[in-house]
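Have a look at the structure below, then the notes.
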Amino acid sequence: MTTLPAAGGTRRRTIICGRLRLHRTEGQILALVSLNQDTPSHEKHARCKIPQGSHTVYAVNGDRYTGEWLDNLKHGKGTQVWKRTGAIYSGDWKFGKRDGYGSYSVPDPVTKEYKRVYTGWWKNDKKCGYGMTFYPGGEHYEGEWSGGQRSGWGRMYYQDGSIYEGQWLQDQPGGLGMLRLPNENRYEGNWKDGKKHGPGKFFYLDKGQLFEGIWAADIPKCGILIDFGRDEAPAPTQYPIPKIELADPDGVLAEAQAMFDDSQDE
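In the working numbering, the protein residues as written are -1 to 264.
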């Protein structure tokens, strides 16, 4: 390690760290630059330790981190700026990775103004816990994350005005959930791999009808269609759906009961 005078009489200390040189002025590390071939070998192999506390460090590729350090790792509160993309993360760090609460933003390619991409909780450098993500085109998601993917409960606002609220699995609707369309029609039921799958109900409120049945990969396989709120529907069907009733419900029930009893006696 060498100490050199800086401009204005300020003492500047240069710390050699492998192939990096750290210039430190008045207690703050200002820059890291690559060493050249002429650097003495004993300096190249000197061990560097970034002092514990808050410092600004510039990487050789131009990235900048301002914040707390521990054992040569970003640890605590800090802000990272990536030079190539202009992206900024500001929040909690743990042993060199984003961990805790923080916000990630990127500059707009046209206006250059920063737009928030994600605000919420992180773990091991990935979104984990509750957070909000803003997508291009105005879509956004608020809810739970795991391993960088939407997982758990969440609400997604789509560009066409649709809203999905319910369970997520591996970044797609999975489990119980409701999809509300811009015309207020909605589906309530089970989802798998982002598609309607399993028992569910589809409310055609514009026509005053309700379909209840079983879906497979977004396709209704079987079920019943009945009138539902037909009098209040803005565009009801021309004729109501006739009721389908058993001619002899008591007899059918008795026959079914008898068949059940016989099966139990066998």
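Using N, Cα and C, we set each Cβ at its ideal position, and we do this for glycine too. Remember, predicted model here, so these are calculated numbers, not experimental data.
Check: With a Cβ-Cβ cutoff of 8 Å, do Gly196 and Lys190 count as a contact?
Finding: yes
Check: So what does DSSP say about Asp259, is it helix, strand or coil?
Finding: helix
Checklist line | CA-to-CA distance, Lys95 to Gly118, given in whole angstroms | finding: 15 Å
Next item on the list: Could you pull out every residue in the same chain whose Cβ sits closer than 7 Å to the Cβ of Lys193, ignoring the five residues on either side in sequence?
Entry: Ala215 and Asp216
Margin query: Please report the straight-line C-alpha distance between Gly249 and Lys241, rounded to a whole angstrom.
Written below: 19 Å
Note to self: In the DSSP output, what is Gly175 paired with across the bridge?
What the structure shows: Gly164 and Gly187
Checklist line | Residue ranges of each beta strand (DSSP E) within the region 114 to 156, 3 or longer | finding: 124 to 132, 138 to 144 and 147 to 155
Notebook entry, point to check: Taking the C-alpha atoms as reference points, what is the distance between Ile161 and Asp169?
Noted result: 16 Å
Checklist line | Close Cβ partners of Gly211 (< 6 Å) along its chain, the five nearest in sequence each way excluded | finding: Pro218, Cys220 and Gly221
Note to self: For Tyr112 and Val104, I'd like the C-alpha separation in whole angstroms.
What the structure shows: 5 Å
Notebook entry, point to check: Which word fits Asp158, buried or exposed, when buried means at least 16 other C-beta atoms lie within 10 angstroms of its C-beta?
Noted result: exposed
Notebook entry, point to check: Roughly how many whole angstroms lie between the Cα atoms of Lys205 and Pro234?
Noted result: 4 Å
Next item on the list: Below 8 Å on the Cβ atoms is my guess for Tyr99 versus Asp106; work out the distance and round it to an integer in Å.
Entry: Rounded, the Cβ-Cβ distance is 24 Å, inconsistent with contact.
Check: Who are Lys92's beta bridge partners in DSSP?
Finding: Lys95
Checklist line | Distance, Gly51 Cα to Glu24 Cα | finding: Legend: pLDDT at Glu24 = 46, less than 50; position of this residue unreliable, value from coordinates given subsequently. Taking the straight line from one Cα to the other gives about 14 Å.
Next item on the list: Taking only the alpha-carbon atoms, compute the straight-line gap between Arg62 and Gly141 and give it to the nearest angstrom.
Entry: 30 Å
Check: How long is the line joining the alpha carbons of Gly146 and Pro171, rounded to whole angstroms?
Finding: 15 Å
Item checked: C-beta atoms of Trp151 and Cys126 nearer than 8 Å -> no
Margin query: Measuring straight from C-alpha to C-alpha, what distance separates Arg184 and Trp67?
Written below: 51 Å
Note to self: For Asp225, report the span of its beta strand (DSSP E) as first-last.
What the structure shows: Ile217 to Asp225
Next item on the list: For Val108, count neighbouring C-beta atoms within 10 Å of its own C-beta (all shown protein chains included) and say buried if the count is 16 or more, exposed if not.
Entry: exposed
Next item on the list: Please list, in chain order, all residues of the same chain as Leu330 whose beta carbon is under 7 Å from its beta carbon, the five residues on each side excluded.
Entry: Outside the shown range of the chain (-1 to 264) lies residue 330, about which nothing can therefore be said.
Note to self: Between the alpha carbons of Phe93 and Leu71, how many angstroms are there, rounded?
What the structure shows: 5 Å
Note to self: Short of 6 Å in beta carbon distance, which residues of its chain neighbour Gln78, apart from the five on each side in sequence? Order them along the chain.
What the structure shows: Tyr63 and Tyr87
Check: Quick one, which of Arg148, Ala252 and Glu137 has its alpha-carbon nearest Trp166's?
Finding: Arg148
Check: If Pro238 sits next to Asp246, beta carbons under 8 Å apart, how far is it from one beta carbon to the other, in whole angstroms?
Finding: Actually they are not in contact, since the Cβ atoms of Pro238 and Asp246 sit about 24 Å apart, beyond 8 Å.
Item checked: For Ala214, three-class secondary structure by DSSP -> strand
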